[in-house]
Ligand SMILES: Nc1ncnc2c1ncn2[C@@H]1O[C@H](COP(=O)(O)OP(=O)(O)OP(=O)(O)O)[C@@H](O)[C@H]1O
Ligand SMILES: [Mg+2]
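Protein chains in written order, with our numbering: chain A, 159 to 408; chain B, 972 to 1328; chain C, 297 to 566.
Structure follows, in structure tokens:
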């Protein structure tokens, strides 16, 4: 199943304004892995993720998804393989109703109407949002928006899921539901987040990014125990792994 | 300044709709040929930006009154004239439908007044000429103010022409022009300064955006010139047609309806009751200060046909009948609404006995 | 500030009415769009001294409000705050056109007053028709109808995206204005210098957002075209609705019904 491999080699990217967001990033993710990408604000996580389905063209280095390097010719295939959930659901939900939003991808794939209907309802069911199908996105709560945003990607039946800050703006219950949902997926998962507890729950491997470079890549538990590394990357140990300051001394 | 349904005649409304429709089809065609799909979300979001920015009031220096931002030039700078026109058209449609700004028939007028003049005249002929691919603060300032002012002046003049051409308002052309142009000169200066400040802000913060937009956007190339020339020709034709229409047919549609029906409205009169009433009417029709409006205008076929419809005959009999008829009509409408209301409530109650207590 | 939020509230309030269920709401949006247009054309086609002729047209908004179960007070309230340009211009009519045109008892009524009344009536009727169209159909369905009526797709897609992002951007704008007003307690309105940097910020954010939306579109196979999916079916009820109203409009246009009624009644009284 080599086509679920994601391989990034010496990737660098500078925004038109001159910000050097990535300065030589390399890693390889194999089929079925769940990988967390952590780093401070502005470390370059979102920029890195944008390269994984070719929405941004690398200035230097290459990205390989499965058997293809990402080029103009393979872009179409790559985007069917890699499903990307963006940081702000308002960017992802641009259609007038939830139904049309989830149908947007399958429509672009040129599927027959019955198949589209099928996929839309299945994806909405998976994320528990079937009852929202006729609602306009601006009248959804933060958690509902997130669920629907994930459904819009699931309807494309991707093999690899890439999620940018999936738990931001969620209340504890919605967050927990989302974590359980993500856990149930058999896809290869790449999750960028500041929510280290969630990464700890979902990802056996973690990559730490600091100022556009990878500062660590390894088992999540080991990385989150490395006090110095976390501090250098402007991060903190997940709460769960800290001694409880309130109940601890008792 | 949004042109309003209440002020336009069908002839003017339809003409401007046709013009706006043609313009939109033309712009849509050029956009499609351009094949820049980045513009699809960009237009929508920038339209929403203009919409949002227009709702924020700010103080005009030295006057204390409030103004808002003019969208046409900013949008043209960032999107090019074709996409800017489509975006303005969509903003105006939302305003017409949700805020009752203007109305459905005046939409054509508004797209021309608020969209066409800034995007297709002021931007290519003034802003681009002044800024000319070399961005500096001074050029942005001069270009923005000049193009916003000119765009607004043309738009205001168009409002005057459309209003006077429609003949619903009594404001004479000269007075209206003298009222509108200076006001819009002041508004234009403020909007121009604000536009320049916003554009400079973006330019300083992210120069690449502006450089890319102004350099890449379709400029004053030959196709634009050709387009403007053909447009001028169409405008002259339209203006000629409209002025002929307005002068010889005080009310265009009225006239054409009567021609189509083959009779004027008074043809209903000479039967029994109505004929008797008509005689009473003729006897009492003279009032000392009565001045039949249309008699001032040169007599013509259209005038004769339109006069009876335009001016209900003056007498006590008709005005009593008119009042009674008005009351009856309103009563009937009210009655229908009450009947419908009770029926729908009955039905709702039958379908769902718990819905209404 | 409050203006921004009330405008947002207005937008979603009117559109929310479209979620109701009623015989009018269930009609095909195309039928309602075309009927509203026919109505507006009929209203403005009356001569400016004809105040009684268009009166029966009131039946259209009234019937739709009742059958569509719309709140009349809310709609009328929106009319009152609507753009007053027509009224400002219309107010000159009584001043400029003083020739007496008709008599009400001892009172001479000048043409100017009549045409001003006619402007008021046109204003009310046409704008009410637009508001009712949205309240019974919903903006997105109107867009869909326009697409099917062969309005260029570029425009209808823009309408849809504009409407979607108005909520996001006015929300952002309102938050920025609130942040400013919390710090500038003494100033009631924003100085233009602050406004331009605030608008600039908002514009930068809008540009970034457009870029992100574009990426989100690309990620789901976007190639330049947004296709509508909802099917529309034009049934007998829709055709009947459009034809019956258009017939009524034509009738009202060619026969001055109030005058005929009045003559009939006063004639009988004699
Ligand atoms: N569209 C853009 N244009 C210019 N610079 C950008 C753009 N997007 C991001 N940057 C810059 O690139 C750098 C990396 O940004 P990126 O969004 O990848 O960070 P991030 O790790 O996702 O941060 P966060 O945790 O805040 O989401 C930042 O310095 C940012 O300012
Ligand atoms: Mg990010």
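C-beta: ideal position from N, C-alpha, C; glycine also.
Residue nearest to residue 223 of chain A within the set A:371, A:344, A:342, A:320 is A:320 (criterion: CA-CA distance). At least 8 Å separates the CB of residue 1145 of chain B from every CB of chain C. The continuous beta strand (DSSP E) containing residue 179 of chain A extends over residues 178-187.
Close CB contacts of residue 1097 of chain B within its chain, under the 6 Å cut and outside five residues either way in sequence, are with 1117, 1118, 1121 (chain order). Going by C-alpha positions, residue 384 of chain A is about 11 Å away from residue 396 of chain A.
The residue from C:318, C:503, C:329, C:312 with its alpha-carbon nearest to that of residue 446 of chain C is C:329. Here the alpha carbon of residue 1085 of chain B sits roughly 11 Å from the alpha carbon of residue 1093 of chain B. Contact between residue 347 of chain A and residue 192 of chain A holds, with the beta-carbon distance rounding to 4 Å and staying under 8 Å. Within the model, the alpha-carbon separation for residue 363 of chain A versus residue 245 of chain A is close to 21 Å. Exclusion of residue 515 of chain C from the 7 Å shell around ligand 2 follows from its C-beta lying no nearer than that to any non-hydrogen atom of the ligand. For residue 172 of chain A, no alpha helix (DSSP H) encloses it; the enclosing beta strand (DSSP E) starts and ends at 164-172. With contacts defined as CB atoms closer than 8 Å, residue 389 of chain C and residue 1137 of chain B fail to qualify as a contacting pair.
Collapsing the DSSP output to three states places residue 218 of chain A in a strand. At least one heavy atom of ligand 2 sits closer than 7 Å to the Cβ of residue 322 of chain A. By the 16-neighbour rule on beta-carbons within 10 angstroms, residue 329 of chain A is exposed.
Under the Cβ criterion of 8 Å, residue 178 of chain A is not counted among the residues facing chain C. Of the other Cβ atoms in all chains shown, 16 or more fall within 10 Å of the Cβ of residue 249 of chain A; this residue is therefore buried.
Of all residues in the segment 455-475 of chain C, only 455, 456, 457, 458, 459, 460, 461, 462, 463, 464, 465, 466, 467, 468, 469, 470, 472, 473 come within less than 9 Å of chain B when Cβ atoms are compared, listed by chain position. Contact annotation, residue 991 of chain B with residue 1057 of chain B: C-beta distance approximately 11 Å; criterion of less than 8 Å not satisfied.
If you look at residue 253 of chain A, you'll find it isn't in any beta strand (DSSP E); DSSP assigns it neither H nor E.
Going down the chain, each residue whose beta-carbon is closer than 5 Å to a heavy atom of ligand 1 shows up: A:173, A:175, A:177, A:179, A:199, A:200, A:201, A:202, A:203, A:204, A:205. Boundaries of the alpha helix (DSSP H) around residue 358 of chain A: 354-360. When CB distances to chain A are screened at a threshold of 7 Å, the residues of the segment 1154-1180 of chain B falling below it are 1177, 1179, in chain order. Between ligand 2 and the CB of residue 497 of chain C, the shortest heavy atom gap is not smaller than 7 Å.
Look at the beta carbons and you see the segment 380-387 of chain C touching the segment 410-419 of chain C: at least three pairs across the two are nearer than 8 Å. Chain B places no beta carbon closer than 8 Å to that of residue 481 of chain C, leaving this residue out of the contacts.
DSSP places residue 364 of chain A in the strand class (E or B) of the three-state scheme. Within the same chain, Cβ atoms closer than 6 Å to the Cβ of residue 987 of chain B are found at 1079, 1080, 1083, the five residues on either side in sequence being excluded.
In the displayed model, residue 450 of chain C falls within a helix according to three-state DSSP. Contact between residue 1065 of chain B and residue 370 of chain C does not hold, since their C-beta atoms are separated by about 19 Å, which reaches or exceeds 8 Å. For residue 1134 of chain B, the closest C-alpha among the options B:1305, B:1173, B:978 is that of B:978. For residue 232 of chain A, there is no enclosing beta strand (DSSP E), as DSSP gives it neither H nor E.
Contact annotation for residue 279 of chain A against chain C: no contact, minimum CB-CB distance about 13 Å [criterion: below 9 Å]. Taking 7 Å as the cut-off, one finds no heavy atom of ligand 2 near enough to the beta carbon of residue 1152 of chain B.
At a cut-off of 8 Å between beta-carbon atoms, residue 261 of chain A makes contact with chain C.
Within chain B, the residues 1177, 1179 have their CB atoms less than 7 Å from the CB of residue 175 of chain A, given in chain order.
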